[in-house]
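In the numbering used here, the protein residues as written are 85 to 377.
Glycine included, each C-beta is placed from N, C-alpha and C at the ideal position.
These numbers come from a predicted model, not from an experiment.
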């Protein structure tokens, strides 16, 4: 009788271990598709990214994060398609964003991206400022600082620039972090208020602040050696997370532009080639390389 119990216990342990191993393998495969999709997204291969993210959501249909990345890849693919094909993709993009939010209403990135979609898409394709405001309200109930950022984006879209700036400054009062100063600097950059932009970005320790400030200096044609050092700081901070932007390819492209502006064509060409190694689909790098070769 004891031997039977021991064998039964052993059988249960073996079955449990097998089940756990199978689950772990399945999860690894799901994460493998997600990571492969993020890498393809970073490389500008949006067809491949969509393919991998579809695999990820098929394997893990309840993952808000996977649906969010699928929506982003579909959106980027639409942006790079001809207008007729893009129009047919818009509804699928919207549904994927909405699915990501429905699966996890507290996913702030998904809500923020859905807000941007609603602001930019025509009403006929499911967009609308009323829907964007609903997302901003929902974001604010979860995180007040992010809610103010969302309201700022809506005010900026409505050309209520003083209101947009006030929301961002209030967000900093509530949450004086590097990310908030980066957001304020980004707003000033879009408004071409370079002095205010630099003041905000200097208060951020985020590597993206160095990249943004270098871009602004290039746009102004000022302090180019400093701009070059700033891009170097961004690159030295290490590769961004897969799917995050700006990418190393963007940084190499920006560095090449700065060097080209200074007449250093060979160095610029090297950076443009490096950008294309990182992202073979980066059209701007191809154009810039043609200019200096």
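Drop a sphere of 10 angstroms on the beta-carbon of residue i, count the other beta-carbons inside from all chains shown, and report buried for 16 or more, exposed for fewer.
i, result
"residue 219", "buried"
"residue 343", "buried"
"residue 186", "exposed"
"residue 276", "exposed"
"residue 109", "Reliability fails at residue 109, whose pLDDT of 43 lies under 50, so the model's placement of it is uncertain and the value that follows must be treated cautiously. It counts as exposed."
"residue 207", "exposed"
"residue 298", "buried"
"residue 166", "exposed"
"residue 288", "buried"
"residue 117", "buried"
"residue 195", "buried"
"residue 372", "buried"
"residue 147", "buried"
"residue 252", "buried"
"residue 159", "buried"
Can residue i and residue j be called in contact, C-beta distance under 8 angstroms?
i, j, result
"residue 138", "residue 154", "yes"
"residue 222", "residue 203", "no"
"residue 157", "residue 211", "no"
"residue 300", "residue 271", "no"
"residue 321", "residue 291", "yes"
"residue 124", "residue 133", "yes"
"residue 330", "residue 119", "no"
"residue 345", "residue 376", "no"
"residue 190", "residue 226", "yes"
"residue 237", "residue 199", "yes"
"residue 258", "residue 229", "yes"
"residue 170", "residue 162", "yes"
"residue 205", "residue 232", "no"
"residue 240", "residue 248", "yes"
Can you tell me whether residue i is helix, strand or coil according to DSSP?
i, result
"residue 326", "coil"
"residue 205", "coil"
"residue 308", "helix"
"residue 197", "helix"
"residue 346", "coil"
"residue 243", "coil"
"residue 101", "Below a pLDDT of 50, predicted positions are generally treated as unreliable, and residue 101, at 40, falls in that range; the measurement from the model is reported next regardless. DSSP places residue 101 in helix when its eight states are reduced to three."
"residue 364", "coil"
"residue 126", "helix"
"residue 251", "helix"
"residue 189", "coil"
"residue 279", "helix"
"residue 372", "helix"
"residue 237", "helix"
"residue 286", "coil"
"residue 144", "coil"
"residue 165", "coil"
"residue 93", "The predicted position of residue 93 is uncertain, since its pLDDT is 43 and thus under 50; a value taken from the coordinates is nonetheless stated next. Residue 93 falls in the helix class under three-state DSSP."
"residue 267", "helix"
"residue 110", "Its pLDDT being 46, under 50, residue 110 is placed unreliably in this model, and the coordinates cannot settle the point."
Among the options, whose alpha-carbon lies nearest the alpha-carbon of residue i?
i, options, result
"residue 391", "243, 207, 361 and 234", "In this structure the chain extends from 85 to 377, so residue 391 is not present and cannot be described."
"residue 337", "328, 327 and 362", "362"
"residue 365", "375, 148, 128 and 327", "128"
"residue 173", "131, 245 and 188", "131"
"residue 284", "302, 145, 303 and 263", "263"
"residue 306", "195, 282 and 319", "282"
"residue 317", "302, 303 and 295", "295"
"residue 359", "333, 368, 341 and 339", "333"
"residue 304", "175, 273, 319 and 313", "273"
"residue 242", "214, 265 and 309", "214"
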